[in-house]
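Everything below concerns the one structure shown next.
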Amino acid sequence: MTVSPKALPTELIDGLLAGYQKPEDLIGENGLLKQLTKALVERALEAEMAEHLGHARNEPVANPAGNTRNGKSRKTLKGEFGELPIDVPRDRHGSFEPQLIPKHQTRWTGFDDKIISLYARGMTVREIQSHLEEMYGAEVSPTLISSVTDAVSDEVKAWQSRPLDPVYPIVYLDCIHVKVRDTGAVRVKAVYLAIGINMNGEKEVLGLWIAQTEGAKFWLQVVTEFKNRGVQDIFIACVDGLKGFPEAIESVYPRAAVQLCIWCATA
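As structure tokens, this is what we get:
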């Protein structure tokens with residue numbers, strides 16, 4: 007059977023990963039990679055359970071007297087990412103045998119690199135099938151792959167559109183240019199990065215966006231999105247020397263103090 011390629015959204019994936027510059031932001035104890043690993047593993051296990059039972063969680067059951075879900079059990083994986091608590095679904099007959107994390111397995115190595123590769127390359131279903139075949143140690147159906155990648159894409163979209171705090175004392179807005187894979191070619195794109203300092207003094211990644219080039223009009227869209235996601239005020243916005251940037255911020259947050267970053271001021 008011929009499987010039509012289904013590419014992951016490269017702008018979504020590359021935009022999510024490209025802004026992480028410090029190792030701890032990506033692979034630290036509470037880094038993005040660990041959060042995505044947990045989300046992907048648990049969604050993959052749910053997809054395996056759905057395939058095992060023949061129906062998804064919210065779909066009607068053809069035979070209610072047959073095998074059904076029976077809660078979850080908690081296990082802790084140990085690997086290069088440290089310790090990672092995972093919720094494993096159970097079935098009433100006890101016949102579910104996970105492929106990704108077999109029963110009694112607690113040690114898992116090498117998955118971090120596979121997750122990065124899966125997210126960063128913008129793979130088609132066929133490419134992901136080959137990649138996950140190595141990870142699972144068994145042939146993985148395209149349907150299962152689609153279920154897993156769609157579920158993870160939903161997690162990423164939810165993260166990107168999550169509500170933000172009403173007030174941020176400081177927000178850093180900057181753009182970096184990175185090489186990303188786009189429709190089979192490597193191109194240089196602008197990655198817009200927003201990092202906020204919340205009222206507890208903690209650093210928080212507010213969002214990442216991809217565009218062809220950096221411009222004040224796109225930054226206007228970014229700060230407008232902040233407003234729509236619940237940010238009522240920004241005390242200080244730290245930006246570079248891009249023309250029209252301060253005006254874009256002040257049009258949405260007129261009381262914000264726009265400060266030129268130290269590097270730009272001395273360059």
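First residue of the sequence shown? That's 7 in the numbering used here, and the numbers climb one at a time after it.
A virtual CB, placed ideally from N, CA and C, is assigned to each residue, including glycine.
Beta-carbon contacts of residue i that lie in its chain and below 8 Å, excluding the five residues immediately before and after
| i | result |
| --- | --- |
| I92 | K44, V47, E48, L51, R80, K81, T82, L83 and I107 |
| R284 | Past the boundaries of the shown model lies residue 284; the chain is included only from 7 to 273, so the question cannot be answered. |
Residues near residue i by beta carbon distance below 7 Å, same chain, minus five either side
| i | result |
| --- | --- |
| K78 | D93, V94, P95 and R96 |
| L248 | E220 and A222 |
| N204 | D171, Y174 and E210 |
| T230 | V258 |
| Q111 | none |
Residue i versus residue j: straight-line alpha-carbon distance, rounded
| i | j | result |
| --- | --- | --- |
| A56 | N64 | 10 Å |
| I122 | Q265 | For I122, the predicted structure reports a pLDDT of 47, less than 50, and the residue's modelled location is therefore unreliable. The matter cannot be settled from this model. |
| N206 | L199 | 21 Å |
| P172 | E256 | 17 Å |
| D118 | E89 | Here D118 scores only 46 on pLDDT, less than 50, and its place in the model should not be relied on; the value that follows carries that caveat. Roughly 13 Å separates the two Cα atoms. |
| A254 | E208 | 26 Å |
| A53 | S101 | 15 Å |
| L42 | V162 | 8 Å |
| I176 | V192 | 34 Å |
| K185 | V194 | 4 Å |
| V258 | F224 | 13 Å |
| E103 | A164 | 30 Å |
| A62 | V228 | 36 Å |
| H58 | K109 | 15 Å |
| E4 | S167 | Outside the shown range of the chain (7 to 273) lies residue 4, about which nothing can therefore be said. |
| Q105 | P252 | 53 Å |
Backbone secondary structure at residue i - three-state DSSP
| i | result |
| --- | --- |
| I255 | helix |
| T43 | helix |
| N79 | Sequence check: residue 79 is Ser here, not Asn. Strand at S79. |
| A263 | strand |
| A144 | Caution is warranted here: a pLDDT of 47 is assigned to A144, below 50, making its placement in the model unreliable, and no coordinate value can be reported. |
| R132 | helix |
| H274 | There is no way to answer for residue 274, as the model of the chain reaches only from 7 to 273. |
| D171 | coil |
| R235 | coil |
| K109 | coil |
| R96 | strand |
| R49 | helix |
| L248 | coil |
| E208 | coil |
| F102 | coil |
| E220 | coil |
Close Cβ partners of residue i (< 6 Å) along its chain, the five nearest in sequence each way excluded
| i | result |
| --- | --- |
| G250 | A222 |
| Y178 | I201 and C244 |
| D160 | none |
| C181 | A196, Y198 and E220 |
| E133 | none |
| L226 | A254 |
Beta-carbon separation (whole angstroms), residue i vs residue j, contact threshold 8 Å
| i | j | result |
| --- | --- | --- |
| A217 | F241 | Not a contact, Cβ separation roughly 26 Å. |
| D239 | R261 | 7 Å |
Q | Validate contact between the region 200 to 213 and the region 222 to 239 using beta carbons, cut 8 Å, 3 pairs | A | yes
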